[in-house]
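*Asks:*
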Amino acid sequence: MTSLRESIRHLKNDIIYRYYHFRIDSNDDPYQVVMKKEPYKVLFILSHMRSGSSLLTHILISNPAIKGYGESHIQYQSEADLKSLMYKIYFHNQEFTNFQDLEKLRMNHSYILDKLLHDKKLLNKNLLKLENFYFIFLIREPQRSLMSMLDHKPHWTEKNAVNYYTQRLSSLSEYAQIIHSKERSLFLTHNQLIHETDKTLKSLQSFLKTTEIFSENYEVLNTTGKRNVGDFKENIRSGRIIRKNREINIDISQESLQEAMDAYGKYQLELSQTCTIIDS
307 MTSLRESIRH
317 LKNDIIYRYY
327 HFRIDSNDDP
337 YQVVMKKEPY
347 KVLFILSHMR
357 SGSSLLTHIL
367 ISNPAIKGYG
377 ESHIQYQSEA
387 DLKSLMYKIY
397 FHNQEFTNFQ
407 DLEKLRMNHS
417 YILDKLLHDK
427 KLLNKNLLKL
437 ENFYFIFLIR
447 EPQRSLMSML
457 DHKPHWTEKN
467 AVNYYTQRLS
477 SLSEYAQIIH
487 SKERSLFLTH
497 NQLIHETDKT
507 LKSLQSFLKT
517 TEIFSENYEV
527 LNTTGKRNVG
537 DFKENIRSGR
547 IIRKNREINI
557 DISQESLQEA
567 MDAYGKYQLE
577 LSQTCTIIDS
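Under this note's numbering, think of the first position of the sequence shown as 307, with each following residue one higher.
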C-alpha cells in the first residue's frame, strides 16, 4: 500500500515535471523555453577522461549564469537534442525536498552546460559551427592522465589508454579547426587550472562574459562524486581545488609515455593556435 508520504512525493514530482514540460516543450526553438526572453547559449567542455573536467564543471556551474551537472551522455545529432539536455539538467538531476528548493525552478541561466569526453558523443560535427555554441577545451599531460585512466578502468590495458588518449587529442584538435573561432573556443590545460588558477578564472569570465566572477571554491551537488556523471574519487567532494595529487601506484612504460607525449605536444600546439588561450 502506498503511504501518504510517497503519494505526496509522486504528486510533487509530477507537478514539477509538468512545469518543465510546459516550459521546455511549448517552444519549438531548441535554444528557447517559455517565459525566458533570451535564448540559451550552449557550453560544451571538450576534453578527455581524467583531465580534471569534473573540477572544471563544478567551477563553471557554481556561477549563477551557467546550469549543468556533469556528463549527460547525450549523443548529439542535432540542435533538437538540446531539449534532452534541458530535461536532464533541470528535472532529472535536481532534488526538491523543501520550500527553499523551489528556487531551482528558475530557468534564467545564460548557458546550459555539458561535457563530452568521447568521440561518439558528437555525432554531427556541424554543430561545432553554430553561433550559439561555445567550447572550452581541456587537456592534461600524459603521464598522470594515463595513470589515472588505468586506475579508473582496471580492465584497460596500457595500450587501450594510450590509444584513447592520442585519438581523443586528435579529435579535439579537429573540432577546434572546425569551430575556427577564437570568440567561441577557449583552450586550457589541467596545469593552468590547478597552478595558474587566478589567471584561468579571469580568462573564463572574460571568455564567457559573465557578470559574476569564478571561484576555486564550488558548490557540492547531489550528483557530485557519482559514477557515470563525473569523477567519483573523494577529492571532488571537497568543494575546492586540491592541488596535491592522490597517490596512484601504476607505472607507464617509456614507449607508451613517449607516444602520448608526442601527441600531447603536437595537439597542444594546434589547440593553442586555434583557440583563445589563457593570458600569460
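We put the CB at the ideal spot given by N, CA and C, even for glycine.
(1) Since Leu-352 and Phe-441 are thought to touch, with beta carbons under 8 Å apart, how far apart are those beta carbons, to the nearest angstrom?
(2) Would a C-beta distance cut-off of 8 Å place Phe-443 and Phe-493 closer than the cut-off?
(3) Tell me the DSSP secondary structure of Thr-403 in three-state form.
(4) With H, G and I counted as helix, E and B as strand and the rest as coil, what does DSSP make of Tyr-589?
(5) On the DSSP bridge list, what partners appear for Thr-582?
(6) Over what stretch of residues does the beta strand (DSSP E) that includes Lys-347 continue unbroken?
(7) Three Cβ pairs or more, each shorter than 8 Å: is that satisfied between the segment 431 to 440 and the segment 552 to 562?
(8) State the Cα-Cα distance for the pair Gly-376 and Ser-451, rounded to the nearest angstrom.
(9) With a threshold of 8 Å on Cβ separation, who are the neighbours of Gly-571 within its own chain once the five nearest residues in sequence on each side are excluded?
(10) From this set, Phe-328, Asp-568, Ser-309, Gly-358, which residue's C-alpha is nearest His-501's C-alpha?
(11) Return yes when the Cβ of Val-468 is within less than 8 Å of the Cβ of Ser-562, no when it is not.
(12) By alpha-carbon positions, which one of Lys-410, Asn-404, Asp-334, Gln-406 ends up nearest to His-398?
(13) Classify Phe-439 as buried or exposed, calling it buried when 16 or more other Cβ atoms lie within 10 Å of its own Cβ.
(14) If we call anything under 8 Å between Cβ atoms a contact, is Gln-381 one with Lys-426?
(15) Classify Asp-422 as helix, strand or coil using the three-state DSSP reduction.
(16) Who are Asn-523's beta bridge partners in DSSP?
(17) Below 8 Å on the Cβ atoms is my guess for Pro-336 versus Leu-388; work out the distance and round it to an integer in Å.
(18) As an exercise, report each continuous alpha helix (DSSP H) stretch of at least 4 residues that is fully enclosed by the segment 415 to 480, in chain order.
(19) Does Tyr-337 come out as helix, strand or coil in the three-state DSSP assignment?
(20) Which same chain residues, not among the five before or five after Asn-523, have their C-beta less than 7 Å away from its C-beta?
(21) At which residues does the alpha helix (DSSP H) containing Leu-361 begin and terminate?
*Replies:* Walking through what the data contain:
(1) Here residue 352 refers to the residue found at position 46 of the sequence shown. Here residue 441 refers to the residue found at position 135 of the sequence shown. So it is a contact: roughly 5 Å between Cβ atoms.
(2) Counting from one through the sequence shown, the residue named residue 443 turns up at place 137. Counting from one through the sequence shown, the residue named residue 493 turns up at place 187. Yes, the Cβ-Cβ distance between Phe-443 and Phe-493 is below 8 Å.
(3) As a first step, residue 403 must be located in the sequence shown, where it is residue number 97. Residue state, collapsed to three classes: coil.
(4) Because the chain here runs from 307 to 586, residue 589 falls outside it and cannot be looked at.
(5) Position 276 of the sequence shown holds residue 582. According to DSSP, which records beta bridges pairwise, Thr-582 is partnered with Leu-492.
(6) Taking the sequence shown and counting its residues from 1, the one referred to as residue 347 is at position 41. Unbroken beta strand (DSSP E) run through Lys-347: 347 to 353.
(7) no
(8) Position 70 of the sequence shown, counted from the start, is the residue given in the question as residue 376. Position 145 of the sequence shown, counted from the start, is the residue given in the question as residue 451. Each residue's alpha carbon lies about 19 Å from the other.
(9) Working through the sequence shown from its first residue, we reach residue 571 at position 265. Cβ neighbours of Gly-571 beyond the five flanking positions: none.
(10) Working through the sequence shown from its first residue, we reach residue 501 at position 195. With distances taken between Cα atoms, His-501 lies closest to Gly-358.
(11) Against the sequence shown, residue 562 aligns to sequence position 256. Against the sequence shown, residue 468 aligns to sequence position 162. Their beta carbons are under 8 Å apart, which means Ser-562 touches Val-468 by this criterion.
(12) Residue numbering aside, residue 398 sits at position 92 when the sequence shown is read from its first letter. Per the Cα distances, Lys-410.
(13) Working through the sequence shown from its first residue, we reach residue 439 at position 133. Label assigned to Phe-439: buried.
(14) The sequence position of residue 381 within the sequence shown is 75, counting from 1. The sequence position of residue 426 within the sequence shown is 120, counting from 1. Yes, they are a contact pair.
(15) Looking up residue 422 in the sequence shown gives position 116. The sequence shown places Leu at residue 422, rather than the Asp named in the question. The answer is strand: DSSP assigns Leu-422 an E or B state.
(16) Residue 523 sits at position 217 when you count from the first residue of the sequence shown. Its beta-bridge partners are Arg-546.
(17) As a working mapping, residue 336 is identified with position 30 in the sequence shown. As a working mapping, residue 388 is identified with position 82 in the sequence shown. That pair is a contact at about 5 Å.
(18) 448 to 458
(19) Against the sequence shown, residue 337 aligns to sequence position 31. Looking at Tyr-337 - three-state DSSP - the assignment turns out to be coil, as it is neither helix nor strand.
(20) Residue numbering aside, residue 523 sits at position 217 when the sequence shown is read from its first letter. Excluding residues within five positions, the ones whose Cβ falls inside 7 Å are Gly-545, Arg-546.
(21) Looking up residue 361 in the sequence shown gives position 55. It spans 359 to 367 - the alpha helix (DSSP H) in which Leu-361 sits, taken as one unbroken run.
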